[in-house]
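Visitor: Sharing a structure, written as structure tokens. Questions coming.
2 protein chains.
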Amino acid sequence: MKFSVSKNDLQNAISTVIKAVPVKSNLTNADCILVDAKDDEIRLVANNSEMAIECICTGRVLEEGSVCLESKMFQELIRKLPDDLIEVECDKNYLTTVHYKDNKYDLIGKETDTFNDIPVFDYKEHLDIFEFSLKEIIRQTIFSISDNEANKTLRGELFEIKDGILRVVSLDGQRVSIRRIEIEDKSLNKKIIVPGKSLNDLFNILGKESNGMATMHFTDNHLIVTFESTTFVTRLIDGEFFNIDNVLSKEYSTKITINKKELYDCVDRSTIFAREGDKKAIVLSIGENIIEMYMNSSKGSMREKIEIEKSGNDLKIGFNPKYLTDALRAIDDETIHLYLSTPKSPLFIRDDADSFTYMILPVNLGVEGDR
Amino acid sequence: MKFSVSKNDLQNAISTVIKAVPVKSNLTNADCILVDAKDDEIRLVANNSEMAIECICTGRVLEEGSVCLESKMFQELIRKLPDDLIEVECDKNYLTTVHYKDNKYDLIGKETDTFNDIPVFDYKEHLDIFEFSLKEIIRQTIFSISDNEANKTLRGELFEIKDGILRVVSLDGQRVSIRRIEIEDKSLNKKIIVPGKSLNDLFNILGKESNGMATMHFTDNHLIVTFESTTFVTRLIDGEFFNIDNVLSKEYSTKITINKKELYDCVDRSTIFAREGDKKAIVLSIGENIIEMYMNSSKGSMREKIEIEKSGNDLKIGFNPKYLTDALRAIDDETIHLYLSTPKSPLFIRDDADSFTYMILPVNLGVEGDR
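Quick note, the sequences are listed as chains A and B, same order. The C-terminal residue of the first sequence carries number 371 in the numbering used here, and the numbering is unbroken. The C-terminal residue of the second sequence carries number 1371 in the numbering used here, and the numbering is unbroken.
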């Protein structure tokens, strides 16, 4: 194997695929990145069996071949090289030499026969989506994935495609997060559960530019996302996702319109009293055109007021402040609507276009609500 | 106590003094910051008995008084407040209320009688120095402080003032770092050992602007540094510092002039083979106008060449690459001189003005040097 490639391209490809290198494994090649040169393409692959990432660099391939290189050492070396063309050469014993100018680095490589390459599928159904949109809908829902080991489906997100809508849902025992976007293909019908960990890695490798396109491909057991020169494959979680339609109600008796930043800042400040373990609720006391928020703890107390528009009943209700800040941080709108019913029924934050819904269960205030 | 102050000023003062709040302590008030309002000055103090920091904010004091506030909660609250004037008020039970607009935060404060306030000294001798210079000489020497618990003097840096020169020295068993700067006062004569941990904190609170002045005051057991509105006090380490003058030789048989960045980048790349525990040496093979550097390890090997100017003998010598990169990172010069004698005698890196000297002991190469 012998090829030349731009240091920057190679560095970017390594930092993309390295997210799929397993943290621990007994397999010989598992902590490696596969480097496979053919047809003026240098293909890099990492695979942790839950998830695989492939990234292709364009270069000049002088001799086809492949090698497995220890991922961290390979990344460190390429990162530390000057920004220039570099040449990579591998002999039949997998000794891999990285040349630049008169200097050379020999890395002891490994054979590629036993490397778990990225799986190849017959793609059938697919969905085109802006890279940026996919990145955003992950960010706006991933925080409420459950960390409960016992329920594996809740450790993933539901991606549901029906009637020209992609709906992404995550939930734990206390809250539900939903993002909905319209898609062009009205006939596509899919329902898959994607592991949260994979989505987190996908989020990190998706580009920040708003004009790149990604394609989601579906098989029975895998989601494949292709974008730019990258292919991302993850296994799906098998099982039936919680049927959230039963808990989503559009009925309410109180509707508030409020400045999102003011609400976020206030709830965020209240968290100074809500240290670990000390699960203090912030109380929202909703009156005519004003919401008063307060919290009492062993370390002190707070009380703030924010002007609102309100329709419906007055209400006093308590929430875990972290659940509120998580949802509010995910929303980009300047002004938001809160829908409430009773002190024991959930809060819904949703926009008029129904592009997002955040449901949060209240905390039972007991005596505290009366202060 | 009652005062008003700019949120930003208060936030900056808290983040300065909080470095002296002890991590763990049994004293009631130890995890607190003292807030003391008097004469339109709000004085903040933290003290961990090794080191104390005081910072003064200008504000409007409506009622004199003082309170101790739990440092992290106080910092978090002020940080999260909007950038505005805030009012702080404390009642006779030390319940402290932070007001802004119509909103209020009550923090449960503590009494101040048992708080270990910053000590007050009769300053006698002092040295004026640019804040920036003090920050730089700490950065350029602190990395070679010994972490050997057994020798307490080496866990600090020597600050030696004599004949119009401030010389700062740190050393561990393998290397010595020295910075020298000229000072105006030719009569001052001082020799103190300042704890490395205190210097690290001082480094972090010194301003980055180049035109601020700091004053170092000396007592028998303390160094006091005042700058802007901050007073920093640290205990000194008692004892006799290692006499480095015996090991500093200006004799050499090989002198190299080399581009610092090229040398740094090369040695830094070699560290990819020098993982933890695996104490590999980088070999410097010095020939006529060229230096060849190489390293062999179980993971691979490297070989690089850099053009140099050389006078004197050829030489082959090995070093721990980390010791080289630490010293090279501290040097700002573009071109540097290396002075060497034999494969077993130390390397000296020093400038013509004698403003810095880095001495590094070589590694015994044994067979490796012959490859």
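For each residue, glycine too, the CB sits at the ideal point set by N, CA and C.
1. Which chain A residues sit within Cβ distance under 7 Å of B/Asn1303?
2. What residue from A/Arg303, A/Leu171, A/Asn93, A/Lys101 has the CA that sits closest to A/Glu87's CA?
3. Alpha carbons only, please: which of B/Leu1077, B/Ile1181, B/Gly1196 is nearest the one belonging to B/Lys1007?
4. Can you tell me whether A/Lys310 is helix, strand or coil according to DSSP?
5. Whole angstroms is fine: what's the gap from A/Thr230's alpha carbon to A/Ile56's?
6. What does a CB cutoff of less than 6 Å around B/Ala1013 pick up in its chain, not counting 5 residues either side in sequence?
7. Interface residues of chain A around B/Met1073 at Cβ under 9 Å?
8. Using only CA atoms, which one of A/Tyr323, A/Ala353, A/Val363 lies nearest to A/Ile317?
9. If I follow the unbroken alpha helix (DSSP H) through B/Leu1322, where does it start and stop?
10. If distances are taken between C-alpha atoms only, which option among B/Glu1157, B/Met1213, B/Phe1143, B/Ile1290 comes closest to B/Phe1132?
11. Give a yes or no on whether the minimum CB-CB distance between B/Glu1149 and chain A is below 8 Å.
12. Starting from B/Glu1050, trace the beta strand (DSSP E) both ways and give me its first and last residue.
13. Along chain B, which residues have their Cβ under 9 Å away from the Cβ of A/Leu158?
14. Can you find the residues in the same chain that come closer than 8 Å, C-beta to C-beta, to B/Glu1125, ignoring five residues on each side of it along the sequence?
15. Kindly confirm or deny that the stretch 1323-1331 of chain B and the stretch 1265-1275 of chain B touch, where touching means at least three C-beta pairs closer than 8 Å.
16. Residues of the stretch 1054-1078 of chain B with a CB closer than 8 Å to any CB of chain A: list them in chain order, please.
17. To test your reading of the DSSP string, which unbroken alpha helix (DSSP H) runs of 4 or more residues are found completely within the stretch 44-113 of chain A?
18. For A/Phe232, which of helix, strand or coil comes out of DSSP?
19. Could you tell me the alpha carbon to alpha carbon distance between B/Gly1369 and B/Asn1320, rounded to whole angstroms?
20. Contact criterion: CB-CB distance below 8 Å. Does B/Lys1080 meet it with respect to chain A?
21. Report the three-state DSSP secondary structure of A/Asn259 (helix, strand or coil).
22. Name the DSSP bridge partner or partners of B/Met1302?
23. Hey, how far is the Cα of A/Phe242 from the Cα of A/Lys152?
24. Go ahead and pull the three-state DSSP assignment for A/Phe242.
25. Can a CB atom of chain A be found closer than 8 Å to the CB of B/Asp1409?
26. To be precise: take each residue of the stretch 106-123 of chain A, compare its Cβ to all Cβ atoms of chain B, and keep it if any distance is under 7 Å. Which residues remain?
27. Who are B/Val1176's beta bridge partners in DSSP?
28. Would the stretch 1114-1129 of chain B count as touching the stretch 304-318 of chain A if we require 3 or more Cβ pairs under 8 Å?
29. From this set, A/Asn148, A/Thr357, A/Leu171, A/Gly164, which residue's C-alpha is nearest A/Leu158's C-alpha?
30. To the nearest whole angstrom, what separates the beta carbons of B/Ile1181 and B/Ile1137, a pair I think is in contact under 8 Å?
31. Leaving out five residues on either side along the sequence, give the residues of the same chain with a beta carbon under 6 Å from the beta carbon of A/Ser177.
32. Tell me whether A/Thr234 is buried or exposed, calling it buried when 16 or more other Cβ atoms sit within 10 Å of its Cβ.
33. Any C-beta of chain B sitting closer than 8 Å to the C-beta of A/Arg269?
34. Using DSSP's beta-bridge definition, name the partner residues of B/Cys1032.
35. Beta-carbon separation of B/Arg1303 and A/Asn103 under 8 Å?
36. Looking at C-alpha atoms only, which residue of A/Ile193, A/Ala150, A/Gln174 is the closest neighbour of A/Asp166?
Guide: From the atom records:
1. Taking the second sequence and counting its residues from 1, the one referred to as residue 1303 of chain B is at position 303. First, the residue type needs correcting, since residue 1303 of chain B is Arg and not Asn in the sequence shown. What B/Arg1303 touches in chain A: Asn103, Lys104.
2. Here residue 87 of chain A is taken as the residue at index 87 of the first sequence, counted from 1. The option with the nearest alpha carbon to A/Glu87 is A/Lys101.
3. As a position in the second sequence, residue 1007 of chain B is number 7, starting the count at 1. Measuring from the Cα of B/Lys1007, the nearest candidate turns out to be B/Leu1077.
4. The residue labelled residue 310 of chain A in the question sits at position 310 within the first sequence. DSSP places A/Lys310 in strand when its eight states are reduced to three.
5. Position 230 of the first sequence, counted from the start, is the residue given in the question as residue 230 of chain A. Position 56 of the first sequence, counted from the start, is the residue given in the question as residue 56 of chain A. In a straight line, the C-alpha of A/Thr230 is about 7 Å away from that of A/Ile56.
6. In the second sequence, residue 1013 of chain B corresponds to position 13, counting from 1. The residues are Leu1044, Cys1055, Cys1057.
7. As a first step, residue 1073 of chain B must be located in the second sequence, where it is residue number 73. Chain A residues near B/Met1073: Ile272, Phe273, Arg275, Lys299, Gly300.
8. Locating residue 317 of chain A in the first sequence gives position 317, where the first residue counts as 1. Among A/Tyr323, A/Ala353, A/Val363, the Cα nearest to that of A/Ile317 belongs to A/Val363.
9. If you number the second sequence from 1, residue 1322 of chain B lands on position 322. The sequence given here places Lys at residue 1322 of chain B; Leu does not occur at that position. First-last of the alpha helix (DSSP H) with B/Lys1322: 1321-1330.
10. For the purposes of this step, residue 1132 of chain B is identified with residue 132 of the second sequence, where counting begins at 1. If we check each option's Cα against that of B/Phe1132, B/Met1213 comes out closest.
11. For the purposes of this step, residue 1149 of chain B is identified with residue 149 of the second sequence, where counting begins at 1. For B/Glu1149, the answer is no, since every Cβ of chain A falls outside 8 Å of its Cβ.
12. The residue you call residue 1050 of chain B lines up with position 50 of the second sequence. Run containing B/Glu1050: none; DSSP gives neither H nor E here.
13. Reading the first sequence from its first residue, position 158 is the one you call residue 158 of chain A. What A/Leu158 touches in chain B: nothing, since even the nearest Cβ is about 34 Å away.
14. Indexing the second sequence from 1 puts residue 1125 of chain B at position 125. Same-chain partners within the cutoff: Leu1188, Lys1190, His1217, Phe1218.
15. yes
16. Glu1070, Met1073, Glu1076, Leu1077
17. 71-80
18. Here residue 232 of chain A corresponds to residue number 232 of the first sequence, with the count starting at 1. DSSP places A/Phe232 in strand when its eight states are reduced to three.
19. Working through the second sequence from its first residue, we reach residue 1369 of chain B at position 369. Working through the second sequence from its first residue, we reach residue 1320 of chain B at position 320. Note that B/Gly1369 scores a pLDDT of 49, beneath 50, so its modelled location is shaky; the value from the coordinates is reported in the next line. About 14 Å.
20. One-based indexing of the second sequence puts residue 1080 of chain B at position 80. Taking Cβ atoms only, chain A reaches closer than 8 Å to B/Lys1080, which makes this a yes.
21. On the first sequence, position 259 is the one that residue 259 of chain A refers to. Reduced to three states, the DSSP call for A/Asn259 is strand.
22. One-based indexing of the second sequence puts residue 1302 of chain B at position 302. BP columns for B/Met1302 point to A/Tyr105, B/Met1295.
23. On the first sequence, position 242 is the one that residue 242 of chain A refers to. On the first sequence, position 152 is the one that residue 152 of chain A refers to. Distance between the alpha carbons of A/Phe242 and A/Lys152: 11 Å.
24. In the first sequence, counting from the first residue as 1, residue 242 of chain A sits at position 242. Reduced to three states, the DSSP call for A/Phe242 is coil.
25. Outside the displayed range of chain B (1001 to 1371) lies residue 1409 of chain B, so it cannot be described from this structure.
26. Asp106, Leu107, Ile108
27. Locating residue 1176 of chain B in the second sequence gives position 176, where the first residue counts as 1. B/Val1176 is bridged to B/Leu1171, B/Met1359.
28. no
29. Numbered from 1 along the first sequence, position 158 holds the residue referred to as residue 158 of chain A. That would be A/Leu171, whose Cα lies nearest to the Cα of A/Leu158.
30. The sequence position of residue 1181 of chain B within the second sequence is 181, counting from 1. The sequence position of residue 1137 of chain B within the second sequence is 137, counting from 1. That pair is a contact at about 7 Å.
31. For this step, residue 177 of chain A is matched to residue 177 along the first sequence. Thr141, Ser144, Ser170, Tyr358.
32. Locating residue 234 of chain A in the first sequence gives position 234, counting from the first residue. It is buried - the Cβ of A/Thr234 has at least 16 other Cβ atoms within 10 Å.
33. Taking the first residue of the first sequence as position 1, residue 269 of chain A is located at position 269. Answer yes: the Cβ-Cβ gap between A/Arg269 and chain B drops below 8 Å somewhere.
34. On the second sequence, position 32 is the one that residue 1032 of chain B refers to. DSSP, once it has assigned bridges, lists B/Glu1070 as partnering B/Cys1032.
35. As a first step, residue 1303 of chain B must be located in the second sequence, where it is residue number 303. As a first step, residue 103 of chain A must be located in the first sequence, where it is residue number 103. Closer than 8 Å, so yes.
36. Counting from one through the first sequence, the residue named residue 166 of chain A turns up at place 166. Per the sequence presented here, residue 166 of chain A reads as Leu, with Asp not at that position. Of the listed residues, the one whose Cα sits closest to A/Leu166 is A/Ile193.
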